[in-house]
Amino acid sequence: MRVIDRIMAARDQMTPSERQLVQALLDDYPVVGLGSITELAGIAKVSTTTVARMLQKAGFGGYPQFQAQVRLELKAMILDPAAKRDEWKSELPDEHILNRFGARAIENQRRSLEDIDPAEFDSLCSLLCDPDRRIFIAGGRITGALAQYLYLHLQMVRPDVRLLPEAASWTHDLLEVREGDVLVALDVRRYENTTLTIGQMCHERGAEIVLVTDQWRSPIHRFAKHTFGMRVAAPSAWDSMAAVLVLLECAIAETQERLWESVKSRTEELEQAFDRTRLFRKFGQNANR
Numbered sequence: 001m002r003v004i005d006r007i008m009a010a011r012d013q014m015t016p017s018e019r020q021l022v023q024a025l026l027d028d029y030p031v032v033g034l035g036s037i038t039e040l041a042g043i044a045k046v047s048t049t050t051v052a053r054m055l056q057k058a059g060f061g062g063y064p065q066f067q068a069q070v071r072l073e074l075k076a077m078i079l080d081p082a083a084k085r086d087e088w089k090s091e092l093p094d095e096h097i098l099n100r101f102g103a104r105a106i107e108n109q110r111r112s113l114e115d116i117d118p119a120e121f122d123s124l125c126s127l128l129c130d131p132d133r134r135i136f137i138a139g140g141r142i143t144g145a146l147a148q149y150l151y152l153h154l155q156m157v158r159p160d161v162r163l164l165p166e167a168a169s170w171t172h173d174l175l176e177v178r179e180g181d182v183l184v185a186l187d188v189r190r191y192e193n194t195t196l197t198i199g200q201m202c203h204e205r206g207a208e209i210v211l212v213t214d215q216w217r218s219p220i221h222r223f224a225k226h227t228f229g230m231r232v233a234a235p236s237a238w239d240s241m242a243a244v245l246v247l248l249e250c251a252i253a254e255t256q257e258r259l260w261e262s263v264k265s266r267t268e269e270l271e272q273a274f275d276r277t278r279l280f281r282k283f284g285q286n287a288n289r
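Sequential numbering from 1 applies to the sequence shown in full-length UniProt numbering.
See below:
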């Protein structure tokens, strides 16, 4: 369990000043936890006694233990592929990769879905279904493929969906963002500066930000309306995006169902276009053409 998750799990037991401290941690996690206890107390405008008491309620033996855990998390967030492989290699069980990697990917999916608040997911789908909101989608070097996947499906489901390109021309698209629009940003470790800038600029223009990230959370979470932290760590030099894909497919399926009447007519029109372009083979039809 992440440090911040341990703290949030104990939030109901906390006093108002301790909750104020928790909010300060959330606003700039994990960086805010790297300073001294005095510095953290100053940022949160509470006493060092409040910091110690809050950490005790969260199950930490003291500030040094808390800070050591924060540093371990930060190290995990910034691992490059070679370092990830080195970290996993000493722990790999002696079994076939299909079992070793597959089991972890499935476990990531299960635990990620269990962590999602159904009300939060429903709110996401409500945003995607709102005809008065335009949907912008942004991904990075790896997550760009998932952004494209989400875009292609949502484009079939509803109008006014736009994929922000990874090239510099995305700045032109941002001119179209207005208050009330939605940006779905996909950003996993090692969090990309371009995706962060897109999120910041869309937020400044009044868009509501939906962040799909990993368990350590991209910096975009500081101004995101909804954040979904999916588990991505896997026994490989690269993370597994399986849990992220499952979340996107759940959102696509629910959005399709909510908008089914319009989706049906939209799909029929699209199929007619496919037939005219002969994009797909129709077995048994026009076999000699």
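C-beta: ideal position from N, C-alpha, C; glycine also.
Taken in chain order, the complete beta strand (DSSP E) segments of 3 or more residues contained in the region 172-226 are 182-186, 208-214.
Less than 8 Å divides the Cβ of ILE209 from the Cβ of ALA185. Under DSSP, VAL70 forms no beta bridge with any residue.
Residue pairing by DSSP places ARG162 opposite PHE136 in a beta bridge.
Taking LEU74 as reference, the option from VAL32, LYS57, GLY42, THR38 with the minimal CA-CA separation is VAL32. In the displayed model, MET77 falls within a helix according to three-state DSSP.
Only residues of its own chain outside the window of five on either side were considered, and among them PHE136, ARG162, LEU164, PRO165 have a CB closer than 8 Å to the CB of ASP173, listed in chain order.
In summary, GLU192 is buried, with 16 or more beta-carbon neighbours lying within 10 Å of its beta-carbon over all protein chains present.
Taking a contact to require three or more Cβ pairs closer than 8 Å, the region 124-136 and the region 248-259 qualify as touching. SER218 is not a Cβ neighbour of ALA105, given a cutoff of 8 Å.
Taking each of LEU40, PHE66, LEU152 in turn and checking the Cα distance to THR267, the smallest one comes out for LEU152. Approximately 5 Å separates the beta-carbon atoms of THR195 and GLY140; this is inside 8 Å, confirming the contact.
Per the C-alpha coordinates, the member of LEU154, TYR29, GLU204 positioned closest to THR255 is LEU154. Between the C-alpha atoms of THR49 and SER236 there is a straight-line separation of about 42 Å. PHE283 is positioned such that its CB atom lies no closer than 8 Å to that of PHE274. Cβ atoms of MET14 and LYS45 stay farther apart than 8 Å, at about 15 Å.
In this structure, the beta-carbon distance from ARG134 to ARG231 does not fall below 8 Å.
The beta-carbon distance between LEU26 and MET156, rounded to whole angstroms, is 37 Å. This is too long to meet the 8 Å contact definition.
DSSP, read as helix, strand or coil, puts GLY102 in helix. Taking the Cα positions, GLY199 is about 7 Å away from LEU183. Ranked by how close their Cα comes to the Cα of CYS129, the residues SER262, THR277, ARG276, GLN272 have SER262 in first place. The Cβ-Cβ distance between PRO30 and VAL70 falls below 8 Å.
ARG2 and ASP214 have their C-alpha atoms roughly 11 Å apart.
Taking VAL246 as the centre and dropping the five residues before and after it, the same chain places the C-beta of GLN109 closer than 6 Å to its C-beta, in chain order. Of PHE223, GLY229, LYS225, the smallest CA-CA separation from TRP216 is found for GLY229. Partner residues in a beta bridge of PHE274, as assigned by DSSP, do not exist. The DSSP-derived three-state label of MET230 is strand. Taking the C-beta atoms as reference points, LEU72 is found no nearer than 8 Å to TYR63.
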